[in-house]
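The opening position of the sequence shown corresponds to residue 933 in this note's numbering, with each subsequent residue numbered one higher.
Structure first, commentary second.
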Amino acid sequence: MSGRYPYQKLARKLKFRILRGYYKPGAFLPAIRTLAEQEGCNPATVRRSLETLKQEGLVVCKGTLGFWINDNCSYIERERTKEIAAFHNQLYTNLSSLGFSKQEILVMLQVYEWMKRFAKIASHSAKMERPVVLGKCK
């Protein structure tokens, strides 16, 4: 599912919603027309994207009842793990092609995590009456 066609892009978008837990295992998906309105696309595009997800085993269809998320949580988690591995491989490949070593890539990821934590602390501090600097009040 590369995302070359609109139905592939929508299928990928829906797949990530499922893997992130936006749609819970066993939950019914909105009706095809509702999804089409929400996504601003043709109902045929939605149907084709759902058929793609059905072939992957992420959604189940029972005729006129509609589509719902596969209720097998371990299957959903395995699919999530596959996506994470694919993302990491792509990130490693891209950064390696730019000349970074495995160690440099690991350091970049650690620095990125540290920066995210620091930004969260700084954001929280800005909301307080007295700013907090490195854990101490002024």
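Here a beta-carbon is modelled for each residue, glycine too, at the ideal position from N, C-alpha and C.
A quick note: this is a predicted structure, and the numbers were derived from the prediction, not measured.
Among all the DSSP beta bridges, which residues are the ones paired with residue i?
{"i": "residue 992", "result": "1000"}
At the level of alpha carbons, what is the spacing between residue i and residue j?
{"i": "residue 1038", "j": "residue 965", "result": "45 Å"}
{"i": "residue 985", "j": "residue 968", "result": "16 Å"}
{"i": "residue 975", "j": "residue 995", "result": "16 Å"}
{"i": "residue 950", "j": "residue 943", "result": "10 Å"}
{"i": "residue 1032", "j": "residue 998", "result": "48 Å"}
{"i": "residue 1019", "j": "residue 1045", "result": "17 Å"}
{"i": "residue 1008", "j": "residue 939", "result": "21 Å"}
{"i": "residue 953", "j": "residue 1012", "result": "10 Å"}
{"i": "residue 955", "j": "residue 1004", "result": "13 Å"}
{"i": "residue 1036", "j": "residue 1026", "result": "13 Å"}
So what does DSSP say about residue i, is it helix, strand or coil?
{"i": "residue 960", "result": "strand"}
{"i": "residue 1026", "result": "helix"}
{"i": "residue 1021", "result": "helix"}
{"i": "residue 885", "result": "As displayed, the chain neither begins before 933 nor continues past 1070, which places residue 885 out of reach and without an answer."}
{"i": "residue 1066", "result": "Low confidence applies here, because residue 1066 scores a pLDDT of 43, under 50, leaving its location unreliable; read the following figure in that light. Residue 1066: coil per DSSP, three-state reduction."}
{"i": "residue 1032", "result": "coil"}
Checking 8 Å against the spacing of the C-beta atoms, do residue i and residue j come in under that value?
{"i": "residue 1002", "j": "residue 957", "result": "yes"}
{"i": "residue 982", "j": "residue 991", "result": "yes"}
{"i": "residue 960", "j": "residue 1000", "result": "yes"}
{"i": "residue 978", "j": "residue 971", "result": "yes"}
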